[in-house]
Each structure stands twice: as C-alpha cells, then as structure tokens.
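Written out below as structure tokens is the structure these notes cover.
Number of protein chains: 2
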Amino acid sequence: MDYADENEPLIVERRRGSSTYGSDSRIRTSEDTIINEISDQNGSGFANQTNGGAKTFVTGSRDVLSAKYESLDYDVCENKILLDEVRSSSNNFLVRKMLARWLIFFLIGVFTALVGVAIDIAIDKIATVKYGLIKQAIDECIEEDCLYKPYLIWAGMNAGFVLVGAFLVAYIEPVAGGSGIPQVKCYLNGVKIPRLVRLKTLFVKAIGVVSSVVGGLAGGKEGPMIHTGAVIAAGISQGKSTSMRSDFRVFRYFREDHEKRDFVSGGAAAGVAAAFGAPVGGVLFSLEEGSSFWNQSLTWRIFFASSVSVFTLNIILSAYHGHPGELTYYGLLNFGHFESLNYDLFELILYAWMGAVGGLLGSLYIHVNYKLTVFRMRYIRGRWLKVIEACLVAAITATVAMLMMFCISDCRSLGQDPTENPIQMYCGDGEYSSVAALWLQNPEASVRSLFHDPPGSQNYLTLFVFTAMYLGLSIWTYGLSVSAGIFIPCLLTGAGWGRLTGMCLGAIFPNADWVDPGKYALVGAAAQLGGVVRMTISLTIILIEATGNINFGLPLMITLMTAKWVGDYFTEGFYDLHIQLSGVPLLPWEPPAMSFELSARGVMSYPVLAFSPVEKVRTIVEALTSQTYNGFPIVERVQPTKSGNGDIAAIGKLRGLILQSQLIVILQRRTYVYLETKPDNEPPIPLAEFRNNYPRYKNIKDIYIPEEEMDYTIDLRPYMNPSPYTVQDTASFPRVFRLFRALGLRHLIVVNESNEVVGMVTRKDIARYRAKSNGALGVEELNISDKL
Amino acid sequence: MDYADENEPLIVERRRGSSTYGSDSRIRTSEDTIINEISDQNGSGFANQTNGGAKTFVTGSRDVLSAKYESLDYDVCENKILLDEVRSSSNNFLVRKMLARWLIFFLIGVFTALVGVAIDIAIDKIATVKYGLIKQAIDECIEEDCLYKPYLIWAGMNAGFVLVGAFLVAYIEPVAGGSGIPQVKCYLNGVKIPRLVRLKTLFVKAIGVVSSVVGGLAGGKEGPMIHTGAVIAAGISQGKSTSMRSDFRVFRYFREDHEKRDFVSGGAAAGVAAAFGAPVGGVLFSLEEGSSFWNQSLTWRIFFASSVSVFTLNIILSAYHGHPGELTYYGLLNFGHFESLNYDLFELILYAWMGAVGGLLGSLYIHVNYKLTVFRMRYIRGRWLKVIEACLVAAITATVAMLMMFCISDCRSLGQDPTENPIQMYCGDGEYSSVAALWLQNPEASVRSLFHDPPGSQNYLTLFVFTAMYLGLSIWTYGLSVSAGIFIPCLLTGAGWGRLTGMCLGAIFPNADWVDPGKYALVGAAAQLGGVVRMTISLTIILIEATGNINFGLPLMITLMTAKWVGDYFTEGFYDLHIQLSGVPLLPWEPPAMSFELSARGVMSYPVLAFSPVEKVRTIVEALTSQTYNGFPIVERVQPTKSGNGDIAAIGKLRGLILQSQLIVILQRRTYVYLETKPDNEPPIPLAEFRNNYPRYKNIKDIYIPEEEMDYTIDLRPYMNPSPYTVQDTASFPRVFRLFRALGLRHLIVVNESNEVVGMVTRKDIARYRAKSNGALGVEELNISDKL
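Those protein sequence lines, which keep their order, are chains A and B.
According to full-length UniProt numbering, the first sequence is numbered sequentially starting from 1.
According to full-length UniProt numbering, the second sequence is numbered sequentially starting from 1.
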C-alpha cells in the first residue's frame, strides 16, 4: 500500500485561534449553546458563565480549570512492538517481574518508615532542646520580672526555624508546601502534577516539616508523610532520579504511567500507615482517594507495603525510645493507650451532635481559610513576602502562647504532672501552670494530654481560650509557604472542645461513670478532623487503628458521618476546595446528576488533528511544533460525508491513536526508522527505547531534522494503538464519563455513526462539568484558563 | 420515517443449530481455529479441547462452563423513558432516594444480626442439652461398662439432627447447601444464581445450619452467615418476596440489577461482620469478592451496614449472656481474649514456614475434596442418597469421637478445666479426659480451647489424632447436602497442628518466653484457613478483628501470604474450584496473560439476531419464541458490505440495544402501545411498569397476542438503549475484557470499521478463555455445555 501518496496533512483548520487552551484540551466552540440551553431551561442564571471562554479570569475563582495540568495514561498502548515484546517474553520473565513488584513494595515500606523515623527523631531532639531553653529562661525570669526575655527567645527561635523551611519551599520547591495530600490525591486521580514526585521535593518536604513543627507552627508531620511515601515509591519503582540525574538501570519495565501510579498509591498508603500506625487505614486511604478500579492483587501488595512500613517504624522507634524489640510504637502519631473506651447506647446521640458541631466548625475553618487563600493568591505573590508571612505567623504563635500563660492562671499540683517541662509561672510551690503545659510541648503531645490527662487537669477558661486560639492559628497557618499538615491542628482543636464538652457533661452528671473527658476529647478530635477533611471510611479506620480500639468503631463512624453530612451542607471538603482553587481537573466518582442531556458531541473538542497511517515527516513536525496536543488519531481519509453532521466535519475512518511522546521518540531515532532508503525488513524501534525516554521527553524544537528528510515518510502503524477506546457522538455524558473514569483514559475518540473521527474527549472536557453549585438540578460548565 | 416498510426480520440464519448454547451465549463457529493456532504454536496439545463444542461432556470436569447461568446487568439503560423520568424528578426525590438507601443498609445490618443471633442461640441451647445428655450417659456407663449406650445416643442424635437439615436442603432448596460463599461470590461477580437470594433459601439455610452444627458435623455457621446477609439484603431492598408472594410496594426504584447487587454486597459484608465481629473485614470481603469498580459512597454505606450489624449482635448477645450493655460479644465466632500477642523478629520465619505447611495441607484438603465432589456428582445423584450420606457422616463423626475417647487416655486435673462438660472416662478422680473435652463441645469452643488453654492441656498424641481425624471429617463433610461452612473446620484443624507445633517448640526451647502454644495455634489456624480459601487482605483483616489485636497483623499477613503462594502452586483455591465444578462463568480480575493474540472478532458470537427501530410484532414474537437471547441490537439495515469481512456478515448500522425483558413487558402491554391505531402522541410505557415486573418476567409463551395484531408494528426507540457500549472487531481480547469487566456489562456489541454490527460478546464468550493450566504461556478455551 502506498499511503505516502495521500499524505497531505489532515489538519482541519481550527475554528478559533485561542491559545488559552492547553495541551490536553481541545477547542470547543458552538457546542456551548447546549449547556446554555440547559441552564436557561432551569432558569438558573448560570448562562453568563458559559458564554464562551472569553470571560476575564479572576484569581481565586473556584469556577476555572487550569489549562496546565495533563493526564496520566493508564491505558496500555497495545501496539505491534509491545506484542512483539510480549511474544518473545518467557514465563521466567513474568515471574521475575512479579518478584520485582513485591521487592519494590517491600522497599517502599522500609524507606518510607526510615524517612518518617528520621523526621520524627529530628523533631524530637530539636524540640527537647528548644522547650528546655524556654523553660529555663521562664523559670529564671519569673522572679526577676524579665519575661520579655523568654518571649524573645521563643519568638526568635520559632521564626528562625520556620525561616529555613519557608525559604526552601518558596525558593527551591513550592510543590513541597502544605501537606501534599491534595496533590497526591490529584496524582492518584490521574493528573500529572509537575515535580510532585521528585527527590528534590522530598528533600525540601522533609526539612520543611521539621522546621515548621519545631518552629511551633500549628501544623503536623502526618500529611507530609503521605507525600513522602509517594515520592519514595516513585523513585524506587522507576530506578532513577531526575533530581540526582542518575539512572540505576533497574526496574525499567515499570517505566510507564500505569505501573508508576500503582507504586505511588502504595507509597501513599505506606505513608499513612507510618504516620498513624494504620496499615489498613493506609490501604483504604489509597483506595478512597485514588482508585477507580479495584485491583485485588495490587491492594494486597499495597497492604504489604503498609504493614512493612508500620513494622519497620515500630522496630526503630522502639529501639530509639529504649525498648528494643518491644514493638509498641505503632506510628509517628501516637494516641496513647486508652484503657477502656466503653459507651452507652444513648451516648451515640451525643456523638452525632458532636459530629454536627465538628461539621460546623470544620466549615468555618474551611471558609475562613478559603478567604485567606484567595487573599494570598492576590496579594502575597512575592517569594520574600511569603517567607516573611511564615516567620510572622511563627512569632505570633509564640506571642499568643506567652500571652495566654501570662494572663490565665490555672495551677495544678505537680503530682499528676503530664508534661516534660512543667513550668511554675505564677503558681504556688509544688504547682505548675496547665496553660504552659499545653503550649510548651509539641502539638501531638498536647493531643495525647487532652486524651489522657485525668479529669480536672485544666479549667474551662484554659481549654476554651486554648482551643479558640489554636483554631485561629491553624486556619492562618495552612497555606503558608511551609510544609505542614492539618491533621494535628484539627485533632488538637477538636480534642480541646471535645474535652470541654466532656467536662461540662461531668459537671451536669457528676456521678455518671460514662463521662470521661478523654473519651469526649477523642470524639471531638474525630468530629473536627472529619468536618474539615471529609474523608469517610479511611479516616474512620485510621482513627480506629490509632486508638487501637476496634470496639469504638461505631461511635467514631457516627461522629464522622454527621460531621461530613453537616459539613457538606455548608462547604466543600478542605482538600477539594484547595484542588478547585488550583484549577486541577479532578474527576469525581460519579458523573454529575442530571447530566444526561449532554452528549459526547456536546462535550468533545474539535476539530481534531489527525495523521495518516504513513505520514510525511514535515506534517508531523509541523503539527508537533504548532500544537501541544498529546494524542493524535490515525485515520484513513474517506470522502467527506454530509449526512446530518451539521457543521462538524468527519475526518476519516479511525485506524488508531498515537501519542505525542511516541512521535518525539520516533523522530529522535530518524536515521534508521524513516529514511526513504529504509529496507522493508528493517525492524521498528524497540519498546525499550520508548521506556528509556519516559517520563520526560524532548521538546520537538530540540530535535534537529535536516530539510531533505522532511519529505520522507514514517510508517506509524507499528507504534500506534490499533484499537483505542471510542465512543459514539450520540452517547450521553454519563456514559462517556464512566468509560473514561473506569478505564483511566487520557484520550477518548468520538466517532460518528460510520466510525469516522469527529472529536476527542480529554480529562478537561469531562472535568469542566459539575452539578450546579446553587443546588438546582442540572450541570454547569467551568472555564479553562492558562493563567492559573 | 416509515421504518415499518422495511421490517423484514433481521435474523441472519444460524450457522450451526446447536441447542447446547444458552441464552447469554451466542453461537461461535469457525473462529475456533484462532485458538487452535495459538495452541499449536506453543505445542501444548490443548487443541483437542477446542475443536468445536461437540466433545462429550464429562461430569466433574473443570474445563466446561455451564450454559444455564446468565449475567446481571450493571449498565444503566439510558433510554428515553428513563430520561423522561429523570427530567421530571425533583431534588426532593433524589434526597428521599438517598435516605432510603441509608435506611435499607441500616435494616440490613439489624436483620442480619438478628438472624445470626437466632441461629447462635438455637445452637447454644440445643447443644447444651445434647452434650449434657451424652456426658450424663457416659458418666453413668463408664462404671457399668455400657459405653455403647452413650455412643448410640450420640450417633443417633447426630444423625437425627442432620436428617432435618439434609432433607430440607436436598428436597426443598439445594442452593442453600454448603457455605454459600462461592455462590455469593458468583453473584457479586455478576452471575445470576437462580433462587440464591430468595426467602425460602434463607429459611432452609438457617434451619440447615442449626441442624448441621448441633448434628456434630465438621462445619460452621460463619460462611452461611454471609449468604444469610445477602438474602436479607436482597429481600429488604426489593421490598417484596417471591417466596412469600407479597409485594410491600416500597423501594420500587431500587428494582434493578445494579441497585440490587449493591445492596447484596452490603448484606454479605454485614454477614461477615456479624460472623466474625469484623466490620472492616466485612467491607473488604465484599470488595475483594465482588467489586470491579470502587465506589466510595457505596463502600461507606457497606461499612455502615457492617458496623450496625456488629453493634446489634453485640447488644443482643451481651444481654443473652447476662451482661446487658457491656458490649463484649463482637461476633458469632469469638476467638476469646488474647492477653498479649507479642513476637520476635525471627519468629516471622517460623510463621512463613507454617504458612507453607498450611498451603500444603490446604491443597491436600482441596484435592481430596475435589475428587470426592466429582465422585458425588457422578454417583450420589438421588436425593435420598444425599440425605443418607449426610446422616452417615454425622454418625461417623460421633463414632470417631467415641473411639478416640475410648482409645486415648490423656488425663488432666480438673483445676484448669476449660470445658463445660468435663468427663472423667478412665481418668482418676479429680481428673478429666482432655480428648473428651475437645469432642464434647461445639467446634468453635474447641478452637477457643486450643487458642487459650494453658500449655500442657493436651498431650501430643491427643492433638495429633484429633487434628488428623478432624481434617478427614471436614474434607468429607463439605459437599454434603447440608448447610455448613468451612471456616470453623479449617480453623480447628489448623489450630490443632499449630498448637502441636507450639508444643514441639516449647519442648525444644523450654526456657524461651516467646513460645506460646496458643499463639502458634492461632498462626496454624490462619495458615490452614488461608491455604484452603486463599483469600488475602479480607481474611487478614477478619482475623485481626477477630483476635482484636492490630499488633499481630504482620505475622498473620506473612502466614496468609505464604499459605496462598504455596497453595496456589498446587491447586486452585477452594471456592474457585467449586465454582469451576459448577461451571459458573466467573470473570477473573485481569484478562489471562498472553491473550493479546485473540481479538474481539475471534471471541464474539455471531450471527446476531437484530431488530429494526420500528419492528413487526410477529418478528419479535418469533425471535423471542425461538431463541432465549437476552439482548438484541437495533440496527438500521444498509447494503451488505463485503470489504474484507470474510464470511462474517455485517448486519447494519448500530442504533441501539434492547433487552429481552423489555420486549416482554412491551408485548404484555400491547393494547395501548403498538396498536396500529395508536395516536402519535400516545405516551410510551412508563419506566415503573418495567420495574414492577423485575426481576421475574413472563415467558413469551404466556403472553397471548391475537393473530391480527401480529402484523402491527412497535416503535422500539423509546425503550432501547440508544448508545450501548461497543468495541471494534479488531480490538484485542484484553481490551474487550477490561471494558466488559470495568463497566459490569452483560452485552458488548462488536462492530466493524463502519460501525456495523458483526457480533456480540457476552460473559461466557469472555469467561471461557483462561491461561493454560499446564503452566505454558498462552490461553486455552473451555467448552460450554447445557448438561451442567
């Protein structure tokens, strides 16, 4: 067959020269009317949002998707060269690959735990010195009336520590900021987040977490552990590091999106497991956040990595704390041992009520933090400003603590001293200030104090002010240019008001044996955390595992359930909100309700750029240079049909799909692939060559092709995916959505009734539709912008 | 448009008039050569199995699929009448539906627990009386040398009890036999198992379990609990009972395969949760056995049902055992309280070794039981034979017990008495026979004894013989015509040799504090159970929850992992084997390795029976009468194309898909739907009418249609699914498999490059391919028979 004769470029002219559409997304034009009609039918007034993409972009809008994010590709490209490789592989190779998988999951578990332990010990050592110094200074100054001295030491140390982390995050690697959970969630959902899983990010994250926790910020090291696990998994499984520019030449057969993501989900699970001592919770976190398809053997391996991670951490931490071999440190965050967590039936109503309060407070937290985030996006844009803000918040944290210690006198006798650094302040001899006890330790220790201190360790005022202050500080802290998670601040705030609730109940029912402030602190902590993060089954199980008490599962569940319901009524979940703000095209679990009216034809991008099975080099180079599309249908052109297609041209019968990255690799290896003189029996480029270039391919501009070779042709057939998934243009949106989501696709080709390509559906085409936010039935459309 | 003009039947003549193909399956003929070629390439010698379907059917073959099983349909048929209903529904309705879902899951949890409690209490009461009588008889006869008396009492009672259950299962409802787990697994996989979730089945199951446990058979009530939960879920969610012929007219909007299966997976989870006190394990069981698609909100509801189930059970059992409100009975199977389950690092190697032993013994168990099952399928076919065999085994169990008590003298002093019915036998005064202690209680109590008895409660011989005997009896028991599960016999056998291992270790290392026979009994129990059932993450978590010790998760995991690996090397898992024997077309998680060579064209069934969008009544009636196909493409006929299609005719451009059940309902309502005089604006049959007929539709033969109406036409367009999922005929088998599995399809239409229907892929077309069983690379094909 002589395809070369008809290889005029199959590029249909673009309708609108907008450059605001990114690579995964394709141009859509007149179909906007469809959604407008739906909007108008329901009279929702959203029509103004959807009139074309020309609307001015507003920073901090939740209705805009960023054009810069691209998709991972989980679909295996079953081209000829893959089949050749599979055919020649032996049973032996399959076994070796299987063993390599288990080995990698083992290593992920071990290394995640090691990094977690290193962070934990660093924080422990530094914090001991820091709080020791402050205690010493306060003890000296309380008599000499020089309390400004310890205050300055405290504020100075806080700001100094935070400076390191903030500088690293702001100047070296911004993606290491925050907890990393939203980003990992996006990655597992199938979105490429640039630099998320690089070694440099891990480095900044680890130092950043230590600096922000010892810097006294209201943040924890648990969220970052999840990110840490993800980076480690990506690094080990790919056997190379871009940051270190080294390739260990191992595990090369795992170098594809599909395999990498499986490992990363294991890493995230190992991170959760290490953080909370919760191997099952880790698995469920990975499933809840990441899975679209349940894979039994993958789940089993993830559980293995999580268990190994908890075990390794346990061994090392037990030895570090002087009990080698005892295996009693299940996770970085230790809730301490609950003697008994019994409850009466009627208490479930109290827990539900506390869940509702958690949902309310969580929504408040999210709403204020949202406003603050938008403010930051608009006004705190310079890197140095970000660093200064972080240091300022650190200093203010110290200020709040000192002021509280100064103003509130809450003395307890030393006998039941629950803290390492009891401080007398203005208390009598043999007494210590319970306010100082709460502030002069790491927040995790304070959580434990609130869970386990005997009744009457604090008075109402102490707890109330502490909780309120900590709530405010934690809202202010998240979004700073530092690495820190929100689990601990939420748990601490919740434990605060939960314990307060327990104390009130104790005052009302003085003789009731079911009233235990520690138990109510636990329920409050769960309620607050659930109200903010809105996780369901995984959070329940993480908390069950962290308390080590299976019996208390139902109360925790009821608390989290009402927290989520009440919270969802008011705001989105915290992570979802931050994902919306960054414009990531996350796909939800289900298509939006009432999206039946939309069709594939209505959501697809068109016209589509396509190639012939045997294509001219010039056509390909021009297409790659002018566009940043990631996938191109391969079509055999037919006579244009006019059968009721309206104004959308059918391009040709579908023959396959080829990716931009494949074309780049082919063009790189020009000498023996597409030279006109190439003999017919020349083998195609082996698959290994494509793998070696993964995941960072050259830019087309960096590939030199002599002018005379521009008229040669390339046979794309050995490389293309010969049967890509397609959908009829009349298929409803929910069907398109389910197909796309269930199979983890990056490109879905839309064909007409004669199997001719008419359009392409990518992630952004799907993610841009959501249920109407004003509660009405129907869907609304988001804009896509490259300014985000 | 006047479709009626061209509505000649679109039935292409069938190539081969074989009636051995069932309704879901379509005729395949010349494509068999494809698989033969693959076989021949690898020289595997399997070609003889695949030469047509004419091979003689051999009872007990594992290479044959039964033609009688049909698929559930998870794909929503988005036809016009559904869209009309959705459009007219209010937000209020969506909320009500959501609340109804939660309510149903709550009720599933409560009722599953109630049935579980009823079974448990019945067994407890009857067994107490039974063993009391036997003990009394033995005590009286030991001096008077009349031991034949208690033996006859024992054997008689056993046979009598078992007679009830065996009769019910054999004569009333055979699907209630066994544990029900394989059947539930198939249902969750998407296979319709006739009468599996009927109320009558539940009734037989409940009575059957009580009769077989009090009848002394080596079986447990845990597996049946899972089946019980599934039936309860189906019953509650559908708001009607076919067995009771009553329709409560509630929850009608849940009457479709998709919704029903979601509830059934919740019921199975609630059953596991109630059986083992393992809510998380229940959820993971449902996921591991049933899910192909991870659905977050469904998982959360399943967890809710499981927690409610455990909670309800706990409340009632605590009250029953005289501790109301204490909530210490987490499940029906109680492993008892492990004081401490610590382990040293090197012990993990021992556990792995024990796992391997478990895998070996498990394979032995499976192999012998397999041979026995095939024997039963061939020779024990009469119902009365089945009843007799069951009673015989019950009597033999009593015989074995009496013989062991008679022959083995193993006396312990009464002080540390661990049983309710200590029997002196030939022991001295103040002593009891430890052999009798093991036999004279329910097997669950024996499991607890082996876990918790102080070291030295039995001697080596007792344990060895007991374990060997119980292993043999349990192999013989499973497959009898009784309701009983294999969890308990496996746990008991494993606990036996595990404890024996622990005792040996104790003899070798007399001063080691890590040697605890109870701990090793637990590991042995896990190893044996894992070696038989081969479940992974769910079993690990069930055991963790049943022991209440999160810390011991890693050892259990390592044990189960090696048990599975070693076992898989020798045989299939127990449930999988029984599923294979019954010929159920279960779909595995992944397509078989090396199935790339097969294409959709190679596996599809053809020719396909199709209808026009507007079709003559006669054509439809004839098609439904002559065939039992479940889905029919709707096509618009075009000129036959000859473009390289070989001998497979393209039928026409695809327009939609209609189900047999829909056609039946349409024909039933003939008067106002298809009468020739029907005015154009006559509304189509509402969706409610289709729902009310679900799931048991009339037979076409029971619908009377006057001859004069036979020439009328029906407009099928409002009812058909206008955009069914399709696949190109060139797509590889793994792609077809993934699409089918991920979307839970029942029919996948195969189209050619012009979108013309050429074939249909159903579950059996996919399930019949599996990786070669002789370890070679490649796939082999199973036969399909209607004799199974």
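Don't be surprised by glycine CBs; every beta carbon is placed ideally from N, CA and C.
The contact set of Glu70 (chain A) on chain B, defined by CB atoms closer than 8 Å, is empty, because the minimum CB distance reaches about 23 Å. When 7 Å is used as the limit between beta carbons, Trp300 (chain A) is near these residues of chain B: Thr536 and Ile537, in chain order. Considered as a whole, the stretch 751-776 of chain A harbours 763-767 as its complete alpha helix (DSSP H) runs of no fewer than 4 residues, in chain order. A:Val617 is the residue among A:Glu636, A:Val617, A:Ala767 and A:Val751 whose C-alpha sits nearest the C-alpha of Glu708 (chain A). Judged by their CB atoms, Met604 (chain A) and Asp765 (chain A) are nearer to each other than the 8 Å cut-off. Within 10 angstroms of the beta-carbon of Tyr575 (chain B) lie 16 or more other beta-carbons, which makes it buried. Per DSSP, reduced to three states, the secondary structure at Pro706 (chain A) is coil, with no helix or strand assignment.
Distance from Thr493 (chain B) to His367 (chain B) at the Cβ level is roughly 15 Å; contact not present, criterion being Cβ atoms closer than 8 Å.
Under DSSP, the beta-bridge partners assigned to Glu781 (chain B) are B:Tyr769. Contact check for Leu202 (chain A) against Ile232 (chain A) passes: the beta carbons are separated by less than 8 Å. Take Asp63 (chain A), set aside five residues on each side of it, and the residues of its chain with a beta-carbon closer than 6 Å to its own are Leu782, in chain order. Looking from the CA of Tyr694 (chain B), the closest CA among B:Gly290, B:Arg249 and B:Glu431 belongs to B:Arg249. The stretch 531-541 of chain A makes no contact with the stretch 256-269 of chain B, as fewer than three CB pairs between them are under 8 Å. If you ignore the 5 residues before and after Cys77 (chain B), its C-beta comes within less than 6 Å of the C-beta of Asn721, all in its own chain and listed in chain order. With a 10 Å radius around the Cβ and a threshold of 16 neighbouring Cβ atoms, Asn774 (chain A) comes out exposed.
Neighbourhood of Thr730 (chain A) in chain B, by CB distance below 7 Å: Pro722 and Ser723, in chain order.
Per DSSP, the beta-bridge partners of Tyr432 (chain A) are A:Arg412.
When Cβ-Cβ separations below 8 Å define contact, Met425 (chain A) makes no contact with chain B. The Cβ of Ala269 (chain B) sits no closer than 8 Å to any Cβ of chain A. Ala495 (chain B) sits close to Ala525 (chain B), with the two beta carbons spaced by under 8 Å.
With contact defined as three or more Cβ pairs closer than 8 Å, the stretch 423-440 of chain B and the stretch 198-212 of chain B are not in contact. Residues of the stretch 581-599 of chain A whose Cβ lies closer than 9 Å to any Cβ of chain B, in chain order: Trp589, Glu590, Ala593, Met594, Phe596, Glu597 and Ser599. In summary, Ser286 (chain A) is buried, with 16 or more beta-carbon neighbours lying within 10 Å of its beta-carbon over all protein chains present. For Phe248 (chain A), the secondary structure class from DSSP, reduced to helix, strand or coil, is coil.
Within the stretch 83-115 of chain B, the residues whose Cβ lies closer than 7 Å to any Cβ of chain A are, in chain order, Leu83, Val86, Asn91 and Leu94. Under the Cβ criterion of 8 Å, Leu777 (chain B) is counted among the residues facing chain A. For Asn295 (chain A), the C-beta contacts it makes with chain B under 7 Å involve Trp589, in order along the chain. With fewer than 16 other Cβ atoms inside 10 Å of its own Cβ, Met98 (chain B) counts as exposed. Following the DSSP letters along the chain, one finds Thr713 (chain A) in no alpha helix (DSSP H) but inside the beta strand (DSSP E) bounded by residues Thr713 to Asp715.
In its chain, beyond the 5 residues on either side, Gly277, Val310 and Asn314 have a beta carbon closer than 7 Å to the beta carbon of Tyr330 (chain B). Our two residues, Phe733 (chain B) and Pro591 (chain B), have alpha carbons roughly 8 Å apart in a direct line. For secondary structure counted as the beta strand (DSSP E) over 3 or more consecutive residues, the stretch 506-594 of chain B holds no complete run. Residue range Lys653 to Leu659 is occupied by the beta strand (DSSP E) that includes Leu657 (chain A), with no alpha helix (DSSP H) assigned at that position. Shortest Cα-Cα distance from Pro585 (chain A) to any of A:Asn342, A:Arg255, A:Val779 and A:Ala767 involves A:Ala767.
The contact set of Ser474 (chain B) on chain A, defined by CB atoms closer than 9 Å, is empty, because the minimum CB distance reaches about 27 Å. Contact residues of the stretch 547-576 of chain A toward chain B are Gly548, Ile550, Asn551, Gly553, Leu554, Met557 and Met561 (C-beta to C-beta distance below 8 Å).
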